[in-house]
Amino acid sequence: MPSSCPPLFLLLLLLLPFSTAIKFAIPPTRIPTEKCIWNAAHTHALVIVTANVPPGPSQRIDIDIIDSTPQRNVYLSKKDIKGETRLAVTAHAEGEIGVCLKNYLAPEVKTGITQNMTRAIDLDIDIGADAVDYNAIANQESLSGLETEMRKLEGVVKEIVDELNYLKKREERFANTNLSTNNRVQNFAWFTLVSLVGLGVWQIFHLRAFFKRKYLID
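Going letter by letter, the sequence shown gives residues 580 to 797 in the working numbering.
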């Protein structure tokens, strides 16, 4: 009897909430290098970013929300965020959404005294069903507790269906690439075989004509 563990394991992975919570420190510089946190997101997925930035003298935190497409689309850009900042965007394409932060040092501060200067950032990223405020929906639509839980399950199931459709499309794309590569390799093999046979035939006639000129054969 075949084991049902792999499908069950995949289902459990898909049921995991699409959220990320991370805390890190960013030192200030004149020309800062951006610190980016990337998360996978499907098309039309809601992305909620909550950044908690404590006070920091002579420092300025800027945030950009971008995607991983070749165009590197900027969904949202905000300068000098302070305290708790909540941002919401909607993904326009399959791929990854990046939350990038920079810590700028004020021009009047000397770079030699910035060794102990830093900003600790609390970043919380919710994607898809995990980003929806179901309590607000329940209050707005007067939903009971059971109806709210059913609405949550509906969102999770929709995400699972979207994920499976994405995996199916990706598998089809890989299969088409595989087939195209196999056809090219097969055509190249036939071309190589025909070339070798043609070269062999040409060598035979060339050597025959050479030996005839030398009167080595009739």
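Ideal Cβ placement from N, Cα and C applies to all residues, glycine included.
Closest by C-alpha distance to residue i, when choosing among the options
i, options, result
"L655", "K661, P649, D643", "D643"
"I739", "G707, W769, T727", "G707"
"I601", "A630, L625, P607", "A630"
"R730", "V711, S774, D741", "V711"
"D741", "E728, A699, H623", "H623"
"L684", "F753, T697, V773", "T697"
"I700", "K791, K747, L786, E663", "E663"
"W617", "D703, P611, R609, D659", "D703"
"P633", "V773, R787, I660", "I660"
"V736", "S721, F753, D709", "D709"
Neighbour-count burial assignment, residue i, 16 or more Cβ in a 10 Å radius
i, result
"I605", "buried"
"D646", "buried"
"L594", "Note on L594: pLDDT 44, under 50, position unreliable in the model; the coordinate value appears next. So L594 counts as exposed."
"N714", "exposed"
"L591", "Residue confidence is low: L591 scores 46 on pLDDT, short of 50, so the model does not pin down where it sits. Its coordinate-derived value is still stated next. Exposed is the call here."
"V578", "The structure shown does not extend to residue 578, since the chain is modelled only from 580 to 797, so the question has no answer here."
"Q638", "buried"
"N682", "buried"
"A620", "buried"
"L743", "exposed"
"L680", "buried"
"I783", "exposed"
Rounded C-alpha distance that separates residue i from residue j
i, j, result
"Q719", "G635", "39 Å"
"F789", "G777", "18 Å"
"Y745", "R651", "21 Å"
"L758", "Q765", "10 Å"
"E675", "R749", "15 Å"
"I640", "N761", "51 Å"
Three-state secondary structure (DSSP) of residue i
i, result
"E687", "coil"
"Y654", "strand"
"L594", "With a pLDDT of only 44 at L594, under 50, the local geometry of the prediction cannot be trusted, and the value read off the model is given with reservation. Three-state result, L594: helix."
"R609", "coil"
"K791", "helix"
"E673", "coil"
"L801", "Nothing about residue 801 can be reported from this structure: the residues present for the chain run from 580 to 797 only."
Counterpart residues of residue i in DSSP-defined beta bridges
i, result
"N631", "E663, D701"
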